[in-house]
């Protein structure tokens with residue numbers, strides 16, 4: 003049986019050409035940035051798992067893939083003086099519920115604690131514990147190592163241009 007297209011539905015040459023030139027979907031800047039962020043975060047987690055600076059129990063969690071890229075959001079965005087859940091979720095670009103789940107896990111691991119907010123009795127502040135501050139120090143070292151590896155991979159000039167360009171592009175977003 004031969005299938006025929008209704009009149010006017012013939013494949014168009016330009017559509018065929020567009021399909022052939024579909025590589026742009028894999029190589030556009032947004033997708034490349036997303037891949038780079040995932041690769042960078044994965045490397046930081048590997049370094050954290052092997053870190054002598056990270057608290058042992060937390061290194062073991064990272065080693066067993068219990069700490070994931072999502073947990074990095076807390077490490078990156080939690081203010082040292084503490085943050086409300088809504089502030090933390092907004093800074094990380096996550097829903098309040100998703101952030102609450104991450105905070106629950108981090109609280110169970112001893113990274114953070116919830117305390118009453120002195121500005122509002124109804125609200126709670128999430129703060130790093132001393133163990134969480136140790137984790138943060140190890141995170142800082144892992145990020146520095148991952149950045150050094152990036153510089154080694156692309157060269158100092160390219161790494162500097164990328165950093166300056168991303169900082170300019172991100173503006174106040176980060």
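Residue numbers (the working numbering): 3 to 176.
C-beta atoms are modelled at their ideal positions from N, C-alpha and C, and glycine is treated no differently.
Quick caveat: nothing in here was measured; it's all calculated off a predicted structure.
{"Query": "Residue 40, enclosing alpha helix (DSSP H) - first and last residue", "Result": "31-52"}
{"Query": "Where residue 118 falls, given that 16 or more other Cβ within 10 Å makes a residue buried", "Result": "exposed"}
{"Query": "Cβ-based burial, residue 132 [other Cβ within 10 Å; buried from 16]", "Result": "exposed"}
{"Query": "Length at least 3, wholly inside the stretch 69-145: the beta strand (DSSP E) runs in chain order", "Result": "114-119 and 122-130"}
{"Query": "Distance, residue 29 Cα to residue 56 Cα", "Result": "36 Å"}
{"Query": "Top-ranked residue by Cα proximity to residue 134, from 143, 77 and 106", "Result": "77"}
{"Query": "Local conformation of residue 23 per DSSP, three classes", "Result": "coil"}
{"Query": "Among 148, 121, 127 and 60, the one whose alpha carbon lies nearest that of residue 81", "Result": "127"}
{"Query": "Rounded separation between residue 74 and residue 25 - CA only", "Result": "31 Å"}
{"Query": "Residue 167 - DSSP class collapsed to helix/strand/coil", "Result": "helix"}
{"Query": "Residue 157 in three-state terms, based on DSSP", "Result": "coil"}
{"Query": "Own chain residues within Cβ distance below 6 Å of residue 91, not counting five before or after", "Result": "98 and 101"}
{"Query": "Contact belief for residue 123 with residue 49 at Cβ below 8 Å, rounded distance in angstroms", "Result": "Not quite, the Cβ-Cβ distance comes to about 41 Å (not below 8 Å), so this is no contact."}
{"Query": "Of the listed residues 44, 17 and 16, nearest to residue 147 (C-alpha basis)", "Result": "44"}
{"Query": "Helix, strand or coil at residue 56 according to DSSP, with G and I counted as helix", "Result": "coil"}
{"Query": "Nearest-angstrom Cα separation, counted from residue 141 out to residue 169", "Result": "20 Å"}
{"Query": "Contacting residues, own chain, Cβ-Cβ under 8 Å from residue 87 (five flanking each side not counted)", "Result": "98, 101, 102, 105, 126 and 128"}
{"Query": "Alpha-carbon spacing of residue 154 relative to residue 161, whole angstroms", "Result": "9 Å"}
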